[in-house]
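*Asks:*
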Amino acid sequence: MLNRLLIFAAAIGLAASVSCRTQSDHTADPSPTPATAAEDVWRDARIIEYRPSTVSISVLKGWDVSIRDQVATMFSPDKKLTAVIYASPAKTFEEASSKSIEQVATFVDSAENKGRSNKWDTADGLSAIDEQGIGFKNGSKVGWGSSVVKTPSTPLQVVWSFDPDDKNRDANLEQLRLMLNNIRKLANAKRTANTYIVD
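Rendered as structure tokens:
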């Protein structure tokens, strides 16, 4: 009987020790939860309300933005990637997608398509299609990409070019992908103090 009591007491003590250690470890763990990490990414982000296509684009901290007429241009922190955002001259998503390479040619001196398209949906459920390839701009080799987003109104076109040898290339492209994936209908967008409005 005494042995059983001793075993029971030892078990309670071990459980209490594990419980205290677990609580202590949890309190000291600096790792953010997935929700917190997602919120941190967009902290201090600026918003472009692109009204011709009735969508908004969140711009990550560190990226520069220039607005001229109905064209918004984003520059990566190292200025090695440039993305131009505008309403496609095509009236439908299908037409804009079929003529995407023609739009790339207005920003890149020569463009060669890699021969594949990638269809996807934004986090807000907007259909999109990407193309990518290589080309030349001002005599230098560049990588390029084009994304057409199906919006409630005029299709949105995004064309980007980048230095393929840039050491930050992959990080810049990943941040651009994140911003494209977060394009939202204006009805579902949040306005902040740092909002650019393109009419």
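Residues in the sequence shown are numbered consecutively from 0, following numbering that gives the first Met the number 0. Backbone N, C-alpha and C fix where the C-beta goes; we use that ideal spot for every residue, glycine too. Bear in mind the structure is a predicted one, so any value in this text is a computation, not a measurement.
Around the Cβ of P33, are there at least 16 other Cβ atoms within 10 angstroms (buried) or fewer (exposed)?
*Replies:* Only weak support is given to the placement of P33: the predicted model assigns it a pLDDT of 49, under 50, and the question is left unresolved by the model.
*Asks:* Take every Cβ of the stretch 131-142, pair it with every Cβ of the stretch 44-54, and state whether three or more of those distances are shorter than 8 Å.
*Replies:* The stretch 131-142, when compared against the stretch 44-54, does not touch it at the 8 Å Cβ threshold.
*Asks:* What's the C-alpha gap between R168 and A86?
*Replies:* Going from the Cα of R168 to the Cα of A86 covers about 26 Å.
*Asks:* Between which residues of its own chain and A104 is the CB-CB distance below 6 Å, once the five residues before and five after are set aside?
*Replies:* Same-chain partners within the cutoff: A110.
*Asks:* Smallest Cα separation from T194: which of V40, R42, P163, S55?
*Replies:* Of V40, R42, P163, S55, the residue nearest in Cα terms is S55.
*Asks:* Report the start-end ranges of each alpha helix (DSSP H) in the stretch 47-118 that is 4 residues or longer and not cut off at the edges.
*Replies:* List check, alpha helix (DSSP H) in window: 92-97, 99-103.
*Asks:* In three-state terms, what does DSSP make of L125?
*Replies:* Coil.
*Asks:* How about the stretch 111-125 and the stretch 72-90: do they share at least three Cβ pairs that are nearer than 8 Å?
*Replies:* Result no; under three Cβ-Cβ pairs closer than 8 Å.
*Asks:* Which residue from D43, L80, V148 puts its Cα closest to that of D162?
*Replies:* Measuring from the Cα of D162, the nearest candidate turns out to be L80.
*Asks:* Tell me, which residues are paired with S152 by DSSP?
*Replies:* Looking at the DSSP assignment, S152 forms no beta bridge with any residue, so it has no partner.
*Asks:* Determine the closest residue to R183 out of E93, K118, A127, with distance taken between C-alpha atoms.
*Replies:* The shortest Cα separation from R183 among E93, K118, A127 belongs to A127.
*Asks:* What is the DSSP secondary structure of D120, reduced to helix, strand or coil?
*Replies:* Residue state, collapsed to three classes: strand.
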